[in-house]
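A.B. asks:
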Amino acid sequence: MKIIRLLETVTLLLNRRTVTAKELADRFGVSTRTIYRDIEVLSSAGVPVYTSKGSGGGISLLEDYTLNKTMLSKNESEALLMAIKAMEVTSYPEADAILDKLGSIFNNNEANDWIEVNYEGWNSRANEQDRLSKLRDAIIKKNIVSFDYINASGERSERLAEPEKLIFDGGIWYLIAYCLKRNTHRMFRLSRIKNVEITGRTFTKREMPEYKGQTDSRAPRVVLRLRCDEEVLSRLYDTFDDECISRNDDGSYELLTTIPEDEWTYGYILSLGPHAEVLEPEHIREAIKARATKIVDTY
Numbered sequence: 301m302k303i304i305r306l307l308e309t310v311t312l313l314l315n316r317r318t319v320t321a322k323e324l325a326d327r328f329g330v331s332t333r334t335i336y337r338d339i340e341v342l343s344s345a346g347v348p349v350y351t352s353k354g355s356g357g358g359i360s361l362l363e364d365y366t367l368n369k370t371m372l373s374k375n376e377s378e379a380l381l382m383a384i385k386a387m388e389v390t391s392y393p394e395a396d397a398i399l400d401k402l403g404s405i406f407n408n409n410e411a412n413d414w415i416e417v418n419y420e421g422w423n424s425r426a427n428e429q430d431r432l433s434k435l436r437d438a439i440i441k442k443n444i445v446s447f448d449y450i451n452a453s454g455e456r457s458e459r460l461a462e463p464e465k466l467i468f469d470g471g472i473w474y475l476i477a478y479c480l481k482r483n484t485h486r487m488f489r490l491s492r493i494k495n496v497e498i499t500g501r502t503f504t505k506r507e508m509p510e511y512k513g514q515t516d517s518r519a520p521r522v523v524l525r526l527r528c529d530e531e532v533l534s535r536l537y538d539t540f541d542d543e544c545i546s547r548n549d550d551g552s553y554e555l556l557t558t559i560p561e562d563e564w565t566y567g568y569i570l571s572l573g574p575h576a577e578v579l580e581p582e583h584i585r586e587a588i589k590a591r592a593t594k595i596v597d598t599y
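Every letter in the sequence shown is one number past the one before it in this note's numbering, and letter 15, counting from 1, is 315.
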C-alpha cells in the first residue's frame, strides 16, 4: 500500500502541481504525519518535492521539473529511462526500442536490464494475455471496444464501451469506460473482462467523472485491531505502514489501522491462519469465526 501511495502522490503533483497534506491524508486514509514522512522518502529518492506555508501553500514539485530541456541531468535521464522501462508493464511494444536509443544517448547501455516485470498472473490464459494491450490501443485511438464482463455475482454480460483510462489501484487493474449498455461511466475490474475486441467505430471522449480511488468505495471503514505472531509479521509490513504495527511485551505484534470492511479484508485476515487474532471490532471477530467454522465444516 505504501509504494502505491507514493506513486499516486507523484502523479497528483504532476497533474495539479500543489496539494495540501490534509488533502492527501484524507484521500489515502492516513495521518498528515504519514504524508510528511512520504514526502521525505520521495525527496531522498531524488524527486524534487517541497513544502510551502501560508495561503495557497502545500506540497509541490519544482516548476522546472519537466522534459523540455535540450540536455537532461544524469538524475533526470535515469528517471526518464526508468519511466519508459515501467511502460513494459502495460506491454508497450516500442518500449525496448526507445530504451535502446536513449541508453545510447545517455551512455547507459544497461538501461534495459535493471528490472523485469511479468504482468500476467500464474493462472492467466493465453487468449487473455493481450487484453491490456488491446485496451491501451483502443484508448489511444479512441476506438469502441466490445467484451464480456463477469460481475461480482458471477453473471456474464456483453458490453460495448468507450474506453477512457486504465488505472492501477491497490494492486489491481481497472478500466474506466463509458458503457453504451448502461449509458453511463463504469469502472470495470480488468480480471473480469473477457474476450476484448476492438471495433471499427471511433468515439468522441466525454467528460469523465473524477476518479477518487478504491478507498472511496461504498464499503464502510472500520478501525481494525489485530494481534499476530512473528511468523506473519512480514505480511503486515508488506501491506500496512510500519507506524500501524507495534510489538507487545510477550513478543507478539499488534496492528491498528482503519480499513474498508469488505471481502478483501475478511480474506486477508483468514489468509493469516492461526497466526492472527482479531481483537476489535467484535462483529468482525465473529464474522471471521463464522467463516472459519464453515471452512472446517466443508472439509
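No residue lacks a Cβ here, since even glycine has one placed at the ideal position from N, Cα and C.
(1) Using only alpha-carbon positions, find the residue among Leu460, Phe488, Cys479 that is nearest to isoleucine 472.
(2) Does the region 487-506 come close enough to the region 523-538 that 3 or more CB-CB pairs lie under 8 Å?
(3) Here's the rule: buried if 16 or more other CB atoms are within 10 angstroms of the residue's CB, otherwise exposed. What is threonine 370?
(4) Looking at the secondary structure, which residues open and close the beta strand (DSSP E) in which phenylalanine 488 lies?
(5) Rounded to the nearest angstrom, how far is the Cβ of serine 360 from that of threonine 318, given a contact under 8 Å?
(6) Could you spell out the range, first to last residue, of the alpha helix (DSSP H) harbouring leucine 572?
(7) Rounding to the nearest angstrom, what Cα-Cα distance links asparagine 483 and threonine 502 in this structure?
(8) Can you name the residues that DSSP bridges to arginine 547?
(9) Check this for me: beta carbons of glutamate 462 and tyrosine 478, under 8 Å apart or not?
(10) Let's test the definition: count the other Cβ atoms within 10 Å of the Cβ of threonine 557 and tell me whether it reaches 16, buried, or not, exposed.
(11) Contact defined as beta carbons within less than 8 Å: I believe leucine 274 pairs with leucine 466. What is the distance between those atoms, to the nearest angstrom?
(12) Which partner residues does aspartate 562 have in the DSSP bridge list?
C.D. replies: Working from what's here:
(1) Nearest neighbour of isoleucine 472 by Cα position, chosen from Leu460, Phe488, Cys479, turns out to be Phe488.
(2) Here the region 523-538 makes no contact with the region 487-506; the two share fewer than three CB pairs at distances below 8 Å.
(3) Residue placement at threonine 370 is poorly supported in this model, since its pLDDT is 36, which falls under 50; the coordinates still yield a value, given next. Classification of threonine 370: exposed, given that the 10 Å Cβ count is below 16.
(4) 484-489
(5) 4 Å
(6) Segment: none, leucine 572 is in no alpha helix (DSSP H) and carries neither H nor E.
(7) 16 Å
(8) Tyr553
(9) yes
(10) buried
(11) Residue 274 lies beyond the residue range present for the chain, which begins at 301 and ends at 599; the question has no answer from this structure.
(12) Per DSSP, none; premise fails for aspartate 562.
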